[in-house]
Amino acid sequence: MTRLMGAIAATRFGLGARPGEINDAASDPRAWLKAQIRPDAALIPPGELMSSKQVLEARVDGLLGQRRSGEEDKVRPSANPAEEVQKAVLQQVQREAREGLQKEIEARSRHAAITPDPFAERWVRFWSNHFTVAARNAQMIGLVGPFEREAIRPHVFGRFETLLAASSFHPAMLTYLDAARSVGPSTVAARQRDVGLNENLAREILELHTMGVGSGYDQADIIEFAKALTGWTVGSPLTARLASLGMEAAGARAARGARARQAARRRILEQIGEAVFVEELHEPGPRKVLGIVYSGSAEQQAERILRDLSSNPATARHIAFKLARHFVSDTPPASATKKLEDAYLRSEGDLSVLAGAVIDLDEAWGAQPQKFKCPEELLISASRATGSQTTFGGAPRQIYVSLAQQPFTAPSPAGWPDDTASWSGADAMKKRLEWANAVSRRMVRGEAPTSFLDQALADLASKRTRDAVARAESAEQGMTIALMSPEFQRR
32 MTRLMGAIAA TRFGLGARPG EINDAASDPR AWLKAQIRPD AALIPPGELM
82 SSKQVLEARV DGLLGQRRSG EEDKVRPSAN PAEEVQKAVL QQVQREAREG
132 LQKEIEARSR HAAITPDPFA ERWVRFWSNH FTVAARNAQM IGLVGPFERE
182 AIRPHVFGRF ETLLAASSFH PAMLTYLDAA RSVGPSTVAA RQRDVGLNEN
232 LAREILELHT MGVGSGYDQA DIIEFAKALT GWTVGSPLTA RLASLGMEAA
282 GARAARGARA RQAARRRILE QIGEAVFVEE LHEPGPRKVL GIVYSGSAEQ
332 QAERILRDLS SNPATARHIA FKLARHFVSD TPPASATKKL EDAYLRSEGD
382 LSVLAGAVID LDEAWGAQPQ KFKCPEELLI SASRATGSQT TFGGAPRQIY
432 VSLAQQPFTA PSPAGWPDDT ASWSGADAMK KRLEWANAVS RRMVRGEAPT
482 SFLDQALADL ASKRTRDAVA RAESAEQGMT IALMSPEFQR R
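Right, dumping it as C-alpha cells:
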C-alpha cells in the first residue's frame, strides 16, 4: 500500500518517477510532496538563455540597423538594394529567435527530466498554462520562454495577486494580447496615429485568468478594464514617439516643455524591452469595473483592479475547479473543488497554502489513474523513468511537434486542453504507438522492460500489464507494451 501511495505521489502529483523515487516517497507521500513547496524549487537555472529584455533589445537593434541600411542605400544607390539588406536583417532576427526557442525547450525538458522537485515543476506548468502566451509569430517566439522564467516561476508559491500582476504586465503578455498597442481612445496618440483601444488583455484576464466565463462581468466591464490597462506597454522607439505626441499637445512650446519631452523620451528608450507605464497613452478619468469606481493614480488603476479580481470569490471558484480537474479527474467531485475554493479564500490567495490543499485532497489519492497524460507529460515521465533523454528520440522540439504539443505553442489564450478527449483520438494514439516503437530499442539497452515497469509504476501496474510485458516476444516489444499500457498513459 505504501508503494502504491508513493507511485501516486510521483506520477499524479509529480511528473513521473525517477529511479528510486517511488521508494523515497513511499514512507510519507504527502510530506514528500509538501517539502517541494519552496520558491527555489520552482526556478530553473537560466544558463545561456536570454531574458525578455535582451530578446527585445536585439530585435529593436536589428530593426534600427535595417532602417539605417535602407537610408544609406538611398544615398548610395549602387550599394546593396535596401530590400536585400532588410531581408537579411529580418532573417537573422528570426533565426536567433527560433534558436532561442529551441534552447528554451531543451532546457525546460532537461530540467523536468531530472528535477528532484517534480510537484513544484508540475505546479509551474499548471500556472504557465493558466497564463498562456504562445509563439504565434516571430516577435513572440523569443518571449515565451523568458515569460515563464520571469513572470511564472518566481511567483507560483507566492500570492495569486502577485502572480497575476507579474504575468499581466510582462512584455510577453502585453505583446501576445496586443495590449502593448492599446491606447486610450481620447489620447493624442489615438487621434493622430492609427491606434486605439484593444480589449484582448482585459477580456482574457476576466474570462481565463480570474473570474471565468459567466461569472458576472459584462462587456461594459471589459471596456472599462481595457481603458484602465492603457498606458501599460513595452519600451521601444515607437512607444517613445507616441508618448512625445501626447507631451507636445499637453505642454507649451517653451524650452521647459521641450526638456520634459526629451527626458520622457530618454526614460522610455532606457527601458527598451521592459514593461513601462506611459501616462500619455492612458485613457484619463475614473473607471467603473464590477460596480467599483477606480480613480486616483493612473498607473495604479489597473493594479487596483487586478488586486480586487484576485480576491473575488468567482476567481477562487474558477481556479479551484481548474486545479481539481488537473489533479483529480476531468469531472472532479464538487467536494474537491469546494475544499480548494475555501483554501484560496481563507489564505487570501496564498498559492503555497493552495498547493498544500491540493496535496491534502483525499479525492486525488484514488488507486485508479483518472487523468490521461498529454504528450508532454508522457515524454517527461518516460524520460524520468529511464534517467535519460533517449525517450525523446532526438531533439525534444521535433518529437513534441510529432505528438502535436510543442511547448509554448498552445492553440489559444485558453492554453492546452486538460481533458482525455482532447488527447486520446485515434490519430493521436497512432502517433503515440509510433513514438513508443521508435524509442523502445534505445530504452532497452540499459534496462529490462519489467524493471522499467516496476521503476515507473510500482504497484500502479496491474497484473494484466505485468504479464503482457513479461510474455513479450522481445525486449523491444515488452518496452512498447509498457509505454502504451493504460497505467503509463494515465496518471
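Here the working numbering is used: the sequence shown runs in plain steps of one and ends on residue 522. Virtual Cβ for every residue (Gly too), placed ideally from N, Cα, C.
When you measure from the CB of Ala-274 to every non-hydrogen atom of the ligand GDP, does any distance come out below 6 Å? No copy of the ligand GDP occurs in the structure displayed, which carries no ligand at all.
- prompt: Which two residues bound the contiguous alpha helix (DSSP H) that contains Thr-597?
  reply: In the structure as shown, the chain starts at 32 and stops at 522, and residue 597 therefore has no counterpart that could be examined.
Problem set entry | Beta-carbon gap between Leu-392 and Ala-347 smaller than 7 Å | Looking up residue 392 in the sequence shown gives position 361. Looking up residue 347 in the sequence shown gives position 316. In this structure, Leu-392 keeps its C-beta atom at 7 Å or more from the C-beta atom of Ala-347.
Exercise for review: Would you mind stating whether Arg-234 and Ile-253 have Cβ atoms separated by less than 7 Å?
Suggested key: Looking up residue 234 in the sequence shown gives position 203. Looking up residue 253 in the sequence shown gives position 222. In terms of Cβ geometry, Arg-234 and Ile-253 form a close pair [threshold 7 Å].
Work out the CA separation of Asn-343 and Glu-102 for me, nearest whole Å. By 1-based counting over the sequence shown, the position of residue 102 is 71. By 1-based counting over the sequence shown, the position of residue 343 is 312. Low local confidence applies: a pLDDT of 47 at Glu-102 is under 50, so the model's placement there is unreliable, with the coordinate-based value given in what follows. Their Cα atoms are separated by approximately 54 Å.
Would Ala-355 pass as a contact of Ala-345 if the rule is Cβ separation under 7 Å?
What you label residue 355 is simply residue 324 of the sequence shown in a count that begins at 1. What you label residue 345 is simply residue 314 of the sequence shown in a count that begins at 1. Cβ atoms of Ala-355 and Ala-345: not closer than 7 Å.
Quick check on the DSSP output: the beta strand (DSSP E) that includes Trp-263 runs from which residue to which? The residue given as residue 263 occupies position 232 in the sequence shown. Taken as a continuous stretch (DSSP letters only), the beta strand (DSSP E) holding Trp-263 covers 263–265.
Sequence-distant residues of its chain with Cβ nearer than 6 Å to Ser-109 (five each side left out):
In the sequence shown, residue 109 corresponds to position 78, counting from 1. Because the pLDDT at Ser-109 is just 45, under 50, the model does not fix this residue reliably, and the point stays unresolved.
* To do: Compute the beta-carbon to beta-carbon distance between Ser-83 and Phe-178, rounded to the nearest angstrom, for a pair I have assumed lies under 8 Å.
  => Taking the sequence shown and counting its residues from 1, the one referred to as residue 83 is at position 52. Taking the sequence shown and counting its residues from 1, the one referred to as residue 178 is at position 147. Their Cβ separation, rounded to whole angstroms, is 7 Å, which keeps Ser-83 and Phe-178 in contact under 8 Å.
Three-state class that DSSP yields for Phe-150 in the structure shown
Here residue 150 is taken as the residue at index 119 of the sequence shown, counted from 1. Assignment of Phe-150 by DSSP, reduced to helix, strand and coil, places it in the helix class.
Suppose contacts are defined by Cβ-Cβ distances below 7 Å. Is Ala-166 in contact with Phe-439 by that definition?
Mapped onto the sequence shown, residue 166 falls at position 135. Mapped onto the sequence shown, residue 439 falls at position 408. Contact flag set, yes.
- Can you tell me which of the three DSSP states Lys-402 falls into? Translated into positions along the sequence shown, residue 402 becomes position 371. Three-state result, Lys-402: coil.
- Item | Beta-carbon contacts of Pro-400 that lie in its chain and below 8 Å, excluding the five residues immediately before and after | The residue given as residue 400 occupies position 369 in the sequence shown. The beta carbon of Pro-400 sits closer than 8 Å to the beta carbons of Thr-42, Arg-43, Leu-491, Pro-517, Glu-518, Arg-521, Arg-522 from its chain, once the five residues preceding and following it are set aside; these are given in chain order.
For this session: Measuring alpha carbon to alpha carbon, tell me which of Asp-498, Arg-296, Glu-79 ends up nearest Val-309.
Result: Numbered from 1 along the sequence shown, position 278 holds the residue referred to as residue 309. With distances taken between Cα atoms, Val-309 lies closest to Arg-296.
**Prompt:** Just how far apart, CA to CA, sit Trp-454 and Leu-337?
**Reply:** By one-based count along the sequence shown, residue 454 stands at place 423. By one-based count along the sequence shown, residue 337 stands at place 306. Rounded to whole angstroms, the separation of the alpha carbons of Leu-337 and Trp-454 is 33 Å.
Compare the beta carbon distance of Val-475 and Met-515 with 7 Å and say whether it is the shorter of the two. What you label residue 475 is simply residue 444 of the sequence shown in a count that begins at 1. What you label residue 515 is simply residue 484 of the sequence shown in a count that begins at 1. Met-515 is positioned such that its CB atom lies no closer than 7 Å to that of Val-475.
Backbone secondary structure at Ile-303 - three-state DSSP
If you number the sequence shown from 1, residue 303 lands on position 272. Strand.
Short of 6 Å in beta carbon distance, which residues of its chain neighbour Ala-151, apart from the five on each side in sequence? Order them along the chain. Looking up residue 151 in the sequence shown gives position 120. For Ala-151, where only same-chain residues beyond five positions count, the Cβ hits under 6 Å are Gln-67, Ala-72, Ala-73.
Any idea if Ala-506 is buried or exposed, counting beta-carbon neighbours within 10 angstroms, 16 or more meaning buried?
-> On the sequence shown, residue 506 is found 475 positions in, with the first residue counted as 1. With 16 or more Cβ atoms within 10 Å of its Cβ, Ala-506 is classed as buried.
Tell me whether Ser-198 is buried or exposed, calling it buried when 16 or more other Cβ atoms sit within 10 Å of its Cβ. As a working note, residue 198 is residue 167 in the sequence shown. It counts as buried.
Determine contact between the segment 243–251 and the segment 200–212, defined as no fewer than three beta-carbon pairs at a distance below 8 Å. The answer is no - the segment 200–212 does not touch the segment 243–251, with fewer than three Cβ pairs under 8 Å.
Item to complete: Grab the span of the alpha helix (DSSP H) containing Val-500 for me, first residue to last.
Response: Here residue 500 refers to the residue found at position 469 of the sequence shown. Start and end: 494–501.
| said: Whole angstroms are fine: how far does the CA of Pro-77 sit from the CA of Arg-428? | reply: By 1-based counting over the sequence shown, the position of residue 428 is 397. By 1-based counting over the sequence shown, the position of residue 77 is 46. Cα to Cα, the separation comes out at about 19 Å.
- prompt: Based on the DSSP secondary-structure assignment, which residues constitute the bridge partners of Ser-213?
  reply: Sequence index remark: in the sequence shown, residue 213 carries index 182 (1-based). Bridge partners of Ser-213: Gly-227.
Does the segment 49–57 come close enough to the segment 407–418 that 3 or more CB-CB pairs lie under 8 Å?
Yes: the two stretches touch, three or more of their Cβ pairs being nearer than 8 Å.
Review point. Sorted by chain position, which residues of the same chain lie with C-beta nearer than 7 Å to Ala-513's C-beta, five sequence neighbours on each side aside?
Key: Sequence index remark: in the sequence shown, residue 513 carries index 482 (1-based). So the qualifying residues of the chain are Pro-480, Phe-483, Leu-484, Val-500, Phe-519.
Beta-carbon contacts of Leu-434 that lie in its chain and below 6 Å, excluding the five residues immediately before and after:
Stepping through the sequence shown from its first residue, residue 434 is reached at position 403. Result list for Leu-434: Pro-406, Lys-462, in chain order.
Q: Just the C-alpha distance for Ala-38 and Ala-56, rounded to the nearest angstrom, thanks.
A: On the sequence shown, residue 38 is found 7 positions in, with the first residue counted as 1. On the sequence shown, residue 56 is found 25 positions in, with the first residue counted as 1. Roughly 8 Å separates the two Cα atoms.
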